[in-house]
Amino acid sequence: MKKSLLRAALLSTICFTFALLHGQSVATPADDPFLWLEESEGPRALAWAQAENERTLGSLESDPRYGRFYRDALTILQAKDRIPSVSLKRQGLENFWRDESHVRGIWRRTTLESYRGKDPRWETILDIDALALAENKNWVFEDRSCFGRRCLVKLSDGGKDAVSIREFDSEAKSFVANGFELPEGKQSVSWLDRDTVLVARDWGEGTTTEAGYPFVLKELKRAQPLDQAREVFRGQRTDLGIVPLVFGEGRINVAGVVRRINGSERQYVLFGPAGPIELDLPKKASIVGIASGRLLVKLDEDWIRSGDTSFKAGSMISYDLAEWKQDPLRAKPSVVFQPSGRQALSGVGRTKNFLVLTILDNVQCKAFVYRYDQGAWHATPVPLPKNATVSLSATSAQKDEMTFTVSNYVTPTSLWYFDAESKRLELLKTAPATFDASKHVVEQLEATSRDGTRIPYFLVRPRSARFDGSTPTLLYGYGGFQIPLLPSYEGALGRLWLEQGNAYVVANLRGGGEFGPPWHRAGQGATKQKTWDDFIAVADDLIRRKVTSPRRLGVIGGSQGGLVVGAAITQRPELFNAAIIRAPLFDMLRFTYLGAGASWTAEYGDPAIPEQREWIEAYSPYQMLVPGKTYPEPFIFTSTKDDRVHPAHGRKAAAKLAALGQPYFYFENIDGGHNTAANLIEYARRLALEYTYASRRLCPEPPEGAP
């Protein structure tokens, strides 16, 4: 059976090669011989993936570097002296932890006093390994949403975005008998009160969008069968999806729904006593919560309101909550934060009385606490270490406490506690160093893109670099969905790559969020090619500065970043000698039919619209793989259970490279979902494979007999 399937795959490859060599079009699905790879768990596709896995593992795992890389990566990932990240809850500090004894992880809690010590005393709330064993499931803990002691726990089978939701009592440490239980699906749920939830999910035929997300919201009572839930809102099938919205202050809750029209635009609808109320907000805006008795809204577009007030994209505005509740359509907003120059709002949080913001300024981060007093917001800086990425990691709803993580490429992460009322700052934890960073320096440099725009990037290089083009270098980028790439300490990267005398680069591309909404818009839709131009410009700049050379330069990226890498190696293959492509988008003429792709048309455009198809086809990596070019033997890594970016993107890229006679590596993890790894063991294997591949492609051969 297996041989017959592989023969069929080989025949498809031969036919495709014939079409290429004879000039036949392969841009349309009818001409694509690899459509069968779009069946996620089709027997033929799985047999093909298994054969590819055996070939790739046979080559990379036999490399003498692989075993050491795997052991080092696993040791770092499972280290017991890692900082346990915590959330500040009513009963103390909660943490989700994985190590060699807890592969799937444990949800646990402790007190602040105990956490301050070297060896905190933890109380287990839920053991996911024990649950998976008892239920014979490969459970991955995704999240929980709590109303007092009752929590709605999201569990994924193998790491998929689709989850099962079950009610759990965090004090009794057990699932609630006859509690809320929602079968697997792409769904979201919010507590309305102790016995009522709002649920957006697949309710049956015709209730999900083209992207596979729900557009029907229902109210579900405790012990009520799903088929008896009451519908409270219905969006449109062309939407991205909907999400229930519940927020408030004190005993008063406001309920509604966020209709996500596409990846950028939203419509907010409240459920008022007289019926639904559509809020007077721009479509590119998001309600982020309540602080100091004010409702907070983040703007991702300029907004001229009623002709007399204007707000800049990237601003945070607020409304008096009492005034807004009385009449949300007539309440008047005021500015909390407005960006200037190369600033951007990075993180947002709320405590009992304060608003907390982290703000980027030329990709350097600072934290502030804001309090509304006498008709104005007053900001106080939090005196955290400079020249590092400051991330708000937790806030308390009951007190004015918060924690921050502080990190950069060469300094181990530290965790800081801040009490906004007393202004007391305390260093709680510092992670141990996992690699020797003394031999490296970090520089922030700029490249000039094709249109003259300055593109910042971070270079982590050996102090002893000779600037003769000899330093093996990995260039990482993302550039999409308004997500910024910020400096952070990555132990495995340091041990497996930097310690070998190599360099690492992170490019801050247009399409990302490093400089707010305008930076995103500059690399979106019809201008998406600018993202690829920026990435290529950074590669050119590294070569111009003689940090590295095409022989020693590799590129790495995942998801949207995988598309960045795909565009780079098809547009300028001569610049690179390695390419690590994780869970990528690749066939951009088919992306709306694969996984959740239909939800990303706001980012890329819609290939079903001729004008938009034209600009997409001009860069789609799958179509840009053509005869006559030499590509840098990429390593493509996907997951069978990725229900966000379909594994067919990576599969078809590998199959087409094979048809062109081009070398490549391909590995498909069965579990893991979009993260391509369901646990720390699988993650360590992925890292070891990737850095073995990168070392083989970019580094000089080690002396014979060297470890």
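Under mature numbering (1 follows the signal peptide of the UniProt record, and there is no 0), read the sequence shown as residues -19 to -1, 1 to 688, first letter to last. Glycine included, C-beta positions come from ideal geometry on N, C-alpha and C.
Hey, how far is the Cα of PRO615 from the Cα of ILE562? Counting from 1 along the sequence shown, the entry for residue 615 is found at position 634. Counting from 1 along the sequence shown, the entry for residue 562 is found at position 581. So the two alpha carbons sit approximately 7 Å from each other.
Where ILE590 falls: helix, strand or coil (DSSP): Your numbering for residue 590 matches position 609 in the sequence shown. Three-state result, ILE590: coil.
Quick check on GLU643: does DSSP put it in helix, strand or coil? Stepping through the sequence shown from its first residue, residue 643 is reached at position 662. In the sequence on display, residue 643 carries Gln and not Glu. It is coil, neither helix nor strand.
In whole angstroms, what separates the C-alpha of ASP124 from that of THR339? Taking the sequence shown and counting its residues from 1, one reaches residue 124 at position 143. Taking the sequence shown and counting its residues from 1, one reaches residue 339 at position 358. Cα-Cα distance, rounded: 24 Å.
For GLN510: DSSP bridge partner residues: Taking the sequence shown and counting its residues from 1, the one referred to as residue 510 is at position 529. Per DSSP, none; premise fails for GLN510.
Give the secondary structure of LYS202 by DSSP, where H, G and I count as helix, E and B as strand, and everything else as coil. For this step, residue 202 is matched to residue 221 along the sequence shown. Reduced to three states, the DSSP call for LYS202 is strand.
In whole angstroms, what is the alpha-carbon distance linking GLY237 and ASP261? Locating residue 237 in the sequence shown gives position 256, where the first residue counts as 1. Locating residue 261 in the sequence shown gives position 280, where the first residue counts as 1. Those two C-alpha atoms are separated by around 14 Å.
Taking C-alpha atoms, which residue in PRO554, ARG241, THR434 lies nearest to TRP581? Reading the sequence shown from its first residue, position 600 is the one you call residue 581. Considering only alpha carbons, the answer is ARG241.
Own chain partners of LEU(-15) with C-beta closer than 6 Å, once the 5 adjacent residues on each side are dropped: Counting from 1 along the sequence shown, the entry for residue -15 is found at position 5. Bear in mind that a pLDDT of 36 at LEU(-15), under 50, signals an unreliable position, so the number given afterwards is only what the model happens to contain. ARG25, ALA28.
With respect to the beta strand (DSSP E) encompassing ARG215, which residues constitute its N-terminal and C-terminal limits? Position 234 of the sequence shown, counted from the start, is the residue given in the question as residue 215. Counting along the chain, the beta strand (DSSP E) containing ARG215 begins and ends at 211 to 215.
Cα-Cα, which of ASP150, ALA659, SER469, ALA488 is closest to ALA369? What you label residue 369 is simply residue 388 of the sequence shown in a count that begins at 1. That would be SER469, whose Cα lies nearest to the Cα of ALA369.
Residue nearest to ASP174 in terms of C-alpha spacing, selected from TRP184, SER126, SER540: As a position in the sequence shown, residue 174 is number 193, starting the count at 1. Answer by Cα proximity: SER126.
For ILE517, which of helix, strand or coil comes out of DSSP? As a first step, residue 517 must be located in the sequence shown, where it is residue number 536. If DSSP states are grouped into helix, strand and coil, ILE517 belongs with the helices.
Nearest-angstrom beta carbon gap, LEU534 and PRO565 [assumed within contact, 8 Å]: To locate residue 565, count along the sequence shown from 1; it is residue 584. To locate residue 534, count along the sequence shown from 1; it is residue 553. Actually they do not touch by this definition, with Cβ atoms about 19 Å apart.
Taking the runs of the beta strand (DSSP E) that are 3 residues or longer, which of them lie wholly in the region 336 to 407? 336 to 342, 345 to 354, 357 to 362, 370 to 376, 382 to 388, 395 to 400
So, for ALA559: in the same chain, excluding its five sequence neighbours on each side, which residues have a beta-carbon less than 6 Å away from its beta-carbon? Position 578 of the sequence shown, counted from the start, is the residue given in the question as residue 559. Hits under 6 Å: GLY535, PRO613, ALA675, ARG678, LEU679.
Would a C-beta distance cut-off of 8 Å place TYR647 and GLU33 closer than the cut-off? Position 666 of the sequence shown, counting from 1, holds the residue named residue 647. Position 52 of the sequence shown, counting from 1, holds the residue named residue 33. Yes, the pair counts as a contact, with Cβ atoms nearer than the cut-off.
I need the boundaries of the beta strand (DSSP E) containing HIS83, first residue and last residue. For the purposes of this step, residue 83 is taken as the residue at position 102 of the sequence shown. Taken as a continuous stretch (DSSP letters only), the beta strand (DSSP E) holding HIS83 covers 83 to 91.
Going by other Cβ atoms of all chains shown within 10 Å of its Cβ, with 16 needed for buried, is ALA255 buried or exposed? Start at 1 with the first residue of the sequence shown, and residue 255 comes out as number 274. Flag for ALA255 reads exposed.
What are the residues that DSSP puts in a beta bridge with ASP138? For the purposes of this step, residue 138 is taken as residue 157 along the sequence shown, with counting starting at 1. ASP138 is bridged to TRP120.
What residues in its chain sit with their C-beta under 7 Å from that of ARG435, if we drop five residues either side in the sequence? Translated into the one-based positions of the sequence shown, residue 435 becomes position 454. Closer than 7 Å at Cβ, skipping near neighbours: GLU427, THR429.
Going by beta-carbon coordinates alone, are LEU409 and TYR51 separated by less than 8 Å? Locating residue 409 in the sequence shown gives position 428, where the first residue counts as 1. Locating residue 51 in the sequence shown gives position 70, where the first residue counts as 1. No, the pair does not count as a contact, with Cβ atoms beyond the cut-off.
Drop a sphere of 10 angstroms on the beta-carbon of ILE285, count the other beta-carbons inside from all chains shown, and report buried for 16 or more, exposed for fewer. On the sequence shown, residue 285 is found 304 positions in, with the first residue counted as 1. That one is exposed.
Helix, strand or coil at ASN656 according to DSSP, with G and I counted as helix: Looking up residue 656 in the sequence shown gives position 675. Helix at ASN656.
Starting from the C-beta of ASP342, find all residues in its chain whose C-beta is less than 6 Å away, skip the five residues before and the five after it, and write them out in chain order. By one-based count along the sequence shown, residue 342 stands at place 361. Counting only Cβ-Cβ distances below 6 Å, and skipping sequence neighbours, we find GLN324.
What are the partner residues of LEU661, as DSSP defines its beta bridges? Within the sequence shown, numbered from 1, the residue matching residue 661 stands at position 680. Paired residues: none, contrary to the question.
Beta-ladder partner(s) of MET297, from DSSP: In the sequence shown, counting from the first residue as 1, residue 297 sits at position 316. Per DSSP, LYS279, PHE318.
Cα-Cα, which of LYS313, LEU661, GLU682, GLU649 is closest to GLU22? Position 41 of the sequence shown, counted from the start, is the residue given in the question as residue 22. For the residues LYS313, LEU661, GLU682, GLU649, the minimum Cα distance to GLU22 belongs to GLU649.
The beta strand (DSSP E) that contains THR177, what's its start and end? Working through the sequence shown from its first residue, we reach residue 177 at position 196. Counting along the chain, the beta strand (DSSP E) containing THR177 begins and ends at 177 to 181.
How long is the line joining the alpha carbons of PHE448 and LYS527, rounded to whole angstroms? As a first step, residue 448 must be located in the sequence shown, where it is residue number 467. As a first step, residue 527 must be located in the sequence shown, where it is residue number 546. Computed Cα separation, rounded: 5 Å.
Evaluate THR37 with the Cβ neighbour count: other Cβ atoms within 10 Å of its Cβ, from every protein chain shown; 16 or more gives buried, anything less gives exposed. Here residue 37 refers to the residue found at position 56 of the sequence shown. Buried is the call here.
Residues near ARG553 in its chain [Cβ-Cβ closer than 6 Å; skip 5 each side]: Translated into the one-based positions of the sequence shown, residue 553 becomes position 572. If we look at ARG553 and ignore the five residues flanking it on each side, its Cβ neighbours are ILE517.
Residues bridged to ILE146 (per DSSP): Here residue 146 refers to the residue found at position 165 of the sequence shown. DSSP lists LYS135, LEU163 as partners of ILE146.
Would you report the Cα separation of GLN345 and ASP176, rounded to the nearest angstrom? To locate residue 345, count along the sequence shown from 1; it is residue 364. To locate residue 176, count along the sequence shown from 1; it is residue 195. Going from the Cα of GLN345 to the Cα of ASP176 covers about 45 Å.
Just mark ASP53 as buried or exposed, buried being the case when its beta carbon has 16 or more other beta carbons within 10 Å. On the sequence shown, residue 53 is found 72 positions in, with the first residue counted as 1. It is buried - the Cβ of ASP53 has at least 16 other Cβ atoms within 10 Å.
When DSSP labels each residue in this structure, what does ILE258 get in the three-state scheme? Here residue 258 refers to the residue found at position 277 when the sequence shown is read from its first residue. Three-state result, ILE258: strand.
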